[in-house]
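Visitor: Chains A and B are the protein sequences, given in the same order. Just remember that my numbering sits 2 ahead of the position in the first sequence, which is counted from 1. Just remember that my numbering sits 4 ahead of the position in the second sequence, which is counted from 1. Where a beta carbon is used, it is the ideal one built from N, C-alpha and C, also for glycine. These figures come from a predicted structure and were not determined experimentally. Sharing a structure, written as structure tokens. Questions coming.
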Amino acid sequence: MSNSYFKIKNLRFIIIAIWLIIILFPLFWIALTSVKPTEATLSQTPVFLFTPTLQNYQFGAEVIDPYTNEPIFAGIASQFPRYLGNSIIITLFSTTIALSVGLLLAYSLSKFKIMGGTALLALMLTIHTVTPIVFTPALFIMFQNLGLQDTHLGLSLIYATFALPLTVWILRNFFNNFSKTIEEAAKVDGASTLDVLFRITLPQLRVGLAVAAIFAFTIAWNDFIFTLTLTQTNASTFVFLADFFDDLLRVGVLTPGPLTSMSIVHMLPSFIFAFLIQRYLLLGFSAGTINKEVD
Amino acid sequence: MDFGVKQLAVTFDIKDKYLKWLFVLPALILLTVFAIIPYLWTFGMSFYDYSVSIFGRTPDFIGLQNYEILMTHPDIWLRFQNTAKFSVTAVTIEFLFGLMLAMLLFEHFRGRRLILTLCVLPMMIAPEITAMVFKMVMFRPDIGFVNYLMKLLAIPYEGYGKDAFFSVVSVDVWTWTPFIMLMIIGGLSSVPKSVLESSDVDGAGWWARFRYVIFPYARPFMLLAVIFRLADSFRTWEVIREFLEVPPPVGPDPLGIDMLPSYLYALAFRAFKSSEMMATAIIMVVMSLVLVYTYLRYLKRIEKHE
């Protein structure tokens, strides 16, 4: 091991450290801003030392305008639990639909020869890739005619549809890799196709189901365009409320505090999930096309 | 439970032939109702003078007029250029950083898994949330952290307004560089360990090792990553919308960052020129289709190769 080897090795860790700082500093800064007292968030020079406060996390409480000390938009702030609840309900519902429907399709595509199966997979990748804005006027009209406008059901079905490509591609990969011999042995023993699916294959594929579910979750949880165009208040999600706060900031009414605390609340579940399925993140982000574990 | 499943299979003693179609059916219904029909409707309506704001009036058939507007209107052409400018700039930077990081991170060492997962976190955040908080705490002209840094370095920088292009590109780079890194690392996992080790023993230089050992394995995945990211960057909307500050303008674009998705949104929901929007949307779909098709063909070739 020569001297230059150590130099290269050190350089390598310095570059990695710099990148980690680039990635993590904004997150740290957002978290820090969310526990700052109001004056500190508005300081022109960054403030690192302050007495932390949880005022921005008292979501149900009234929002106090720092300039006038009057409560403002109390109505909106008290809506916080409802918007968060909407997000949770719609996400759970759409993930369940996408997972069960996607599971059946992925199983069918991977175990049987289906006419037009490849075309169907290509179509789904297209749906995943094209910006959803293309669909919004059509869906807007359709929702009005079907009475789905601003309903939890309508939004859930949309999210399920747009999460379907991801779940199918991911699950198909897990099914394809699953050993055929076990399934065939069970069939020889007289088990039916459904028996094999529910009692042998699925229990072995818990990881695949979890990965698919988490990516279906992100589709619904992170969406903005559909809640903006297809809901008004009743079924609007958490991102919609955050955007409303942002609109207030734009006209200079609020301080950044509430927005950062809401962002932290919104990010946390996704981060926890990312740690749970870290090996399989590439599979999800490549829409199920690259089947490589990164470990 | 045992009984339940068996019962199900017996009650519907369905042959696999029918079962496979039964399994496909629910997905087919969802996709048809909420994706294929809207697609076809969008395509059809691009030949009418339709608007979401008209109630009761039957739209007139106007043939290819919307596409003619599309071809001749400078505003739309400008958005196409901006989209290309943004995508090429962002993906190039992401590729260079992503490649460098992949080279540094593909070999195992303690704590590597943690670093990889930390790198991926930005991709898990809702794009709208990223856009809002970055705009508010990083790039805001008076209190933004980046603006403060720039002031320290004496670089003239505003954050919003005329420097908005830099801001939106850096948000995109921050979010998506780890994707290209992951793709290349994924590709490199197929380099046989023995090859790597023997090149180490042979004392191959850093460059030779990259050029002749790593690059041949990583190349297909680099290409896949770039195609995928290009297609994906066409849909960048949230961050653009945020940095346009006011509701997206439909006329000329003073900031030089308005892209196709934000323009489509403004056309449909602010200017209520829905059918013009749909014609543009169809062109976008075709662009994405070309990329998806290229991607799939290339993917197939790699899979055959392995």
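1. Could you tell me which of Ile18/A, Leu243/A, Phe247/A and Leu270/A sits nearest to Leu118/B, measuring between CA atoms?
2. Less than 7 Å between the beta carbons of Gln234/A and Asp152/A, yes or no?
3. Verify the CB distance criterion: does Trp45/B have a CB-CB separation below 7 Å to chain A?
4. Should Val290/B be labelled buried (16 or more other beta-carbon atoms within 10 Å of its own) or exposed?
5. Could you check whether Ser279/B and Ser50/B sit closer than 7 Å to each other, using their CB atoms as the reference points?
6. Return the first residue and the last residue of the alpha helix (DSSP H) that Phe149/B is part of.
7. Kindly indicate which three-state DSSP category Tyr52/B falls into: helix, strand or coil?
8. Taking only three categories from DSSP, how would you classify Phe65/B?
9. From Arg116/B to Arg281/A, what does the alpha carbon distance come to, in whole angstroms?
10. Would you tell me roughly how many angstroms separate the C-alpha atoms of Val177/B and Phe143/B, rounded to the nearest one?
11. Is Ala33/A near the ligand COA - that is, is its Cβ less than 6 Å away from at least one heavy atom of it?
12. Starting from Lys182/A, trace the alpha helix (DSSP H) in both directions and tell me its first and last residue.
13. I want to know whether the region 156-165 of chain B touches the region 185-203 of chain B - three or more CB-CB distances under 8 Å.
14. For the alpha helix (DSSP H) containing Thr284/B, list its first residue and its last residue.
15. In or out: His130/A buried (at least 16 other Cβ within 10 Å) or exposed?
16. Could you work out which residues of chain A lie near Asp146/B, taking near to mean beta carbons separated by less than 9 Å?
17. Quick one: list the residues of chain B neighbouring Leu141/A, beta-carbon separation under 8 Å, in chain order.
18. For Tyr221/B, tell me which candidate among Leu26/B, Phe232/B, Arg233/B and Val199/B has the shortest Cα-Cα distance.
19. In chain A, what lies closer than 8 Å to Trp241/B by C-beta?
20. Give the interface partners of Val217/B over in chain A, defined as CB-CB distance under 9 Å, in chain order.
21. Look up Ala130/B in the DSSP assignment and say whether it is helix, strand or coil.
22. Can you have a look at Arg274/B and say buried or exposed, based on whether 16 or more other CB atoms are within 10 angstroms of its CB?
23. Under three-state DSSP, which class holds Gln60/A?
24. Tell me the DSSP secondary structure of Trp241/B in three-state form.
25. Please identify, using Cβ separations under 9 Å, the residues of the region 263-275 of chain B that lie next to chain A, in order along the chain.
26. For chain B, is any of its Cβ atoms less than 7 Å away from the one on Arg14/A?
27. Give me, in chain order, the residues of the same chain whose beta-carbon lies closer than 7 Å to that of Phe145/A; leave out the 5 immediate sequence neighbours on both sides.
28. For Asp130/B versus Asn224/A, is the C-beta spacing smaller than 7 Å?
29. Going by DSSP in three states, Met136/B sits in which element: helix, strand or coil?
30. Using C-beta distances below 7 Å, list every residue in its chain close to Leu268/B, excluding the 5 sequence neighbours before and after it, in chain order.
31. Just the C-alpha distance for Val195/B and Ala106/B, rounded to the nearest angstrom, thanks.
Guide: This is what the structure holds:
1. Distances from the CA of Leu118/B to each of Ile18/A, Leu243/A, Phe247/A and Leu270/A were compared; the closest alpha carbon is that of Ile18/A.
2. yes
3. yes
4. Under a 10 Å Cβ-count criterion, Val290/B is classified as exposed, with fewer than 16 other Cβ atoms of the shown protein chains found around its own Cβ.
5. yes
6. If you look at Phe149/B, you'll find it in the alpha helix (DSSP H) that goes Phe149 to Leu156.
7. strand
8. strand
9. Each residue's alpha carbon lies about 12 Å from the other.
10. 15 Å
11. Absence of the ligand COA is noted for the structure shown, with no ligands found whatsoever.
12. Lys182 to Val190
13. no
14. Ser278 to His309
15. buried
16. Leu44 and Gln46
17. Phe38 and Pro42
18. Val199/B
19. Thr133, Ile135 and Ile227
20. Per Cβ cutoff of 9 Å: no residues; Val217/B is ~16 Å from chain A at best.
21. coil
22. exposed
23. coil
24. coil
25. Leu264, Pro265, Ser266, Leu268, Tyr269, Ala272 and Phe273
26. For Arg14/A, the closest Cβ of chain B is nearer than 7 Å.
27. Gln151, Gly156 and Leu232.
28. Asp is not the amino acid found at residue 130/B; the sequence shown has Ala there. Cβ atoms of Ala130/B and Asn224/A: closer than 7 Å.
29. helix
30. Met281, Thr284 and Ala285
31. 13 Å
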